[in-house]
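J.:
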Amino acid sequence: ELKVEQNPLFLSMQEGKNYTIYCNYSTTSDRLYWYRQDPGKSLESLFVLLSNGAVKQEGRLMASLDTKARLSTLHITAAVHDLSATYFCAVGLGGTSYGKLTFGQGTILTVHP
Amino acid sequence: KAGVTQTPRYLIKTRGQQVTLSCSPISGHRSVSWYQQTPGQGLQFLFEYFSETQRNKGNFPGRFSGRQFSNSRSEMNVSTLELGDSALYLCASSFPEGISRAFFGQGTRLTVV
Chain U
21 ELKVEQNPLF LSMQEGKNYT IYCNYSTTSD RLYWYRQDPG KSLESLFVLL SNGAVKQEGR
81 LMASLDTKAR LSTLHITAAV HDLSATYFCA VGLGGTSYGK LTFGQGTILT VHP
Chain Z
221 KAGVTQTPRY LIKTRGQQVT LSCSPISGHR SVSWYQQTPG QGLQFLFEYF SETQRNKGNF
281 PGRFSGRQFS NSRSEMNVST LELGDSALYL CASSFPEGIS RAFFGQGTRL TVV
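These protein sequence lines are chains U and Z, in that order. The first sequence begins at 21 in the working numbering and counts up one residue at a time. The second sequence begins at 221 in the working numbering and counts up one residue at a time.
#1: Could you tell me which chain U residues have their CB closer than 9 Å to the CB of Z/F284, listed as they occur along the chain?
#2: Rounded to whole angstroms, what is the Cα-Cα separation between U/K76 and U/L85?
#3: Going along chain Z, which residues have a C-beta under 9 Å from U/F30?
#4: Taking the CB atoms as reference points, tell me whether U/A110 and U/Y53 lie closer together than 7 Å.
#5: Mind checking U/K120: buried by the 16 CB within 10 Å criterion, or exposed?
#6: Would you say Z/S294 and Z/Y269 are within 7 Å of each other, going by their C-beta atoms?
#7: Nearest to U/L22 by alpha carbon, out of Z/F323, Z/F265, Z/G260 and Z/T328?
#8: For a quick check, are the C-beta atoms of Z/Y309 and Z/T331 less than 7 Å apart?
#9: Can you tell which of Z/Q237, Z/S299, Z/T227 and Z/T240 has its C-alpha closest to the C-alpha of Z/R283?
#10: Would you say Z/R275 reaches chain U, if we count a Cβ-Cβ gap shorter than 7 Å as a contact?
#11: Would you mind telling me which residues of chain Z sit closer than 9 Å to U/K76, beta carbon to beta carbon, in chain order?
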């Protein structure tokens, strides 16, 4: 059974600082996603990572994928308050399980002034 | 382009009742997946439909069922509601294969009293 683990689960940051969220998964994966969720809202798609060494960046967020280590990271650069949210990684498998995503527990990020 | 639309947004039901939730995917998307989100269990996959057929199913009891119509709209039904069914139910749509992100609707907040 595929397991996806994120750490840390809670992250309190000061504005301007850098930090990384880690996502480990237990089975060879077809693709990995990062989502953001604001309180009471739905999931917003941030990145899709499809191959070993893939790196995607948007604004202050950068995601990378190491399929050999079964690890993805979400790096936050010079955090600002607007980045406060819960961040989820999700892993997809191929074949008959294509439409199913397995999510990590989520990382609650709070950025303080 | 309209996003994924879920109705209703909020619902209060009594134990033992049944409920039907609706999801209209993004135009052109033919895969619809359903997820349950609770504080204790996080995001859990319920099922996925493609071309009116259930393609994947999560580990939920038979009280949870769904269907998809020829226009790709999907419904999920929960019968004999239990207090533990209180959750945010999220629907996601995507293209059924290839490089594809799942886009989520706003969700239906179900409260069972």
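Cβ atoms here follow ideal geometry from the backbone N, Cα and C, with glycine treated the same way.
T.: According to the structure shown:
#1: In chain order: nothing, as chain U lies at least about 15 Å away.
#2: 9 Å
#3: Under the 9 Å cutoff, chain Z gives no residues; its nearest Cβ is about 14 Å from U/F30.
#4: yes
#5: buried
#6: yes
#7: The shortest C-alpha separation from U/L22 is found at Z/F265.
#8: no
#9: Of the listed residues, the one whose Cα sits closest to Z/R283 is Z/S299.
#10: yes
#11: Correct list: empty, because the minimum Cβ distance to chain Z is about 12 Å.
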